[in-house]
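Chemist: If you scroll down you'll find the structure; I have some questions about it.
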Amino acid sequence: MQLDCELVIFDQDLSPNQARAIADVTDVNVIDRSQLILDIFARRAHTHEGKLAVELAQHKYRLPRLSGRGTSLSRLMGGIGGRGPGETKLEIDRRRARDRINFLEKQLKHAEVQRANRRNRRQRQDVPVVALVGYTNAGKSTLFNALTQSDVLVEDKLFATLHTTTRRLRFPQDRELVIIDTVGFIRDLPKDLIVAFKATLEELHEADLLLHVVDIGDPRMAQQMESVENILAEMELLEIPRLKVFNKVDLMEPALAANICRNHGAFGVQATDRRTTRPLMDAIEARLWLADKHEAWLRATLDEPVDPLIP
């Protein structure tokens, strides 16, 4: 190549043959969008289950891409006495990958059963569930911490959260709900990752209300919102009521932020300041508990919450 580089990254998925052909022509390493996202996920995974899910997705991605390039394709003897041809190194690699995939799927299935048991206990207690969803780095974990006064990891990077975190949130009159922070979405999320994190995202199906958190200042805000809606549609979650929460209003001129929130019927918040979440909290309470929910919903969404509160 004319350029002095060691890696070529494609913002789209490549077939195994395409990746190999480009690598042959350029004589540098080539990765596609899915591999890049998988690599980022691998760096961000902190919990045992998160690491299992990422490893599973990586093996499923790599299995069809295993090839005999750079390996000896000579036959290995099949055992004592020369019972016949054994396996090639490529065949051994593929078999090991499939065995590892089976093992990881069993481990994640066990974790899924445990999570289902916890959901069943919550359902028996008749506790409402609210889940945060949104594009990666929109500020879901920061908002989660503000609402619950907890200390979930918050970092200004993609996919800082790769597992669900659950807390109880108490309201007046002995009311309480369970609030869930989830993995961030991204456009064209690799299908292997969606499958691997399916058990984790199953929590969303039990939600009574979704909070769609959006970074109001991101120039790609509209595309990001569309990506989240598309993923929710793929997961058959569009029937669950949703509130739009536009975060980071403090980084924008107040009148402009208020106008954008009003146009989208969204709640403007500064997730680092819990005081700005009061209208959102009122709307959640109205949606879940007030007797005349329709009237309460109209009052909560039309009167005050669309204007961001900036101290």
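The numbering of the sequence shown is numbering that gives the first Met the number 0, which starts it at 0 and goes up by one. Beta carbons are placed, not taken as given, at the ideal position from N, Cα and C, and that holds for glycine.
CB arginine 42 to CB phenylalanine 9, shorter than 9 Å?
Modeler: For arginine 42 and phenylalanine 9, no; Cβs fall outside 9 Å.
Chemist: Please state whether DSSP places threonine 315 in a helix, a strand or coil.
Modeler: Coverage of the chain is limited to positions 0 through 310, which leaves residue 315 absent and any answer about it impossible.
Chemist: Are the region 199-210 and the region 174-187 touching by the rule of at least three beta carbon pairs closer than 8 Å?
Modeler: A contact exists between the region 199-210 and the region 174-187.
Chemist: Below 8 Å on the Cβ atoms is my guess for alanine 65 versus alanine 96; work out the distance and round it to an integer in Å.
Modeler: Correcting the residue identity first, residue 65 is leucine in this sequence and not alanine. With a Cβ gap of about 7 Å, leucine 65 and alanine 96 count as contacting.
Chemist: Cβ of glutamine 34 less than 9 Å from any chain B Cβ?
Modeler: Looking for chain B here will not work: only one protein chain is present.
Chemist: I want to know whether the region 169-177 touches the region 134-150 - three or more CB-CB distances under 8 Å.
Modeler: Contact between the region 169-177 and the region 134-150 is absent, because fewer than three Cβ pairs lie under 8 Å.
Chemist: Taking contact to mean at least 3 C-beta pairs separated by less than 8 Å, is the region 266-277 in contact with the region 234-253?
Modeler: Segments in contact, yes.
Chemist: So glutamate 54 packs on leucine 103, CB below 8 Å; how close in whole Å?
Modeler: Sure, about 6 Å apart at Cβ, within 8 Å.
Chemist: What separation, rounded to the nearest whole angstrom, lies between the Cα atoms of proline 240 and isoleucine 283?
Modeler: Answer to the nearest angstrom: the Cα atoms are 11 Å apart.
Chemist: Give me, in chain order, the residues of the same chain whose beta-carbon lies closer than 7 Å to that of proline 15; leave out the 5 immediate sequence neighbours on both sides.
Modeler: Contacts found: Pro63 and Arg64.
Chemist: So who's on the other strand from lysine 243, going by DSSP bridges?
Modeler: Answer is His211, bridged to lysine 243.
Chemist: Give, in chain order, every unbroken run of the beta strand (DSSP E) that is at least 3 residues long and sits entirely within the region 161-189.
Modeler: Runs found: 164-170 and 174-180.
Chemist: Considering only residues of the same chain and omitting the five flanking positions on each side of leucine 242, which have a CB-CB separation below 6 Å?
Modeler: Contacts found: Leu210.
Chemist: Per DSSP, tyrosine 134 is paired with what?
Modeler: Phe184.
Chemist: Apart from the five residues just before and just after threonine 165, which ones in its own chain have a Cβ nearer than 7 Å to its Cβ?
Modeler: Closer than 7 Å at Cβ, skipping near neighbours: Val177 and Ile179.
Chemist: Who are the near neighbours of threonine 276 in its chain, counting only those whose CB is closer than 7 Å to its CB and skipping five residues on each side?
Modeler: Ala145, Leu146 and Val268, listed in sequence order.
Chemist: Per DSSP, which residues does valine 129 bridge with? Please list them.
Modeler: Ile178 and Leu208.
Chemist: For valine 323, which residues from the same chain have a beta carbon less than 6 Å from its beta carbon, with the 5 sequence-adjacent residues on both sides left out?
Modeler: Nothing can be reported for residue 323: it is not among the residues displayed for the chain, which extend from 0 to 310.
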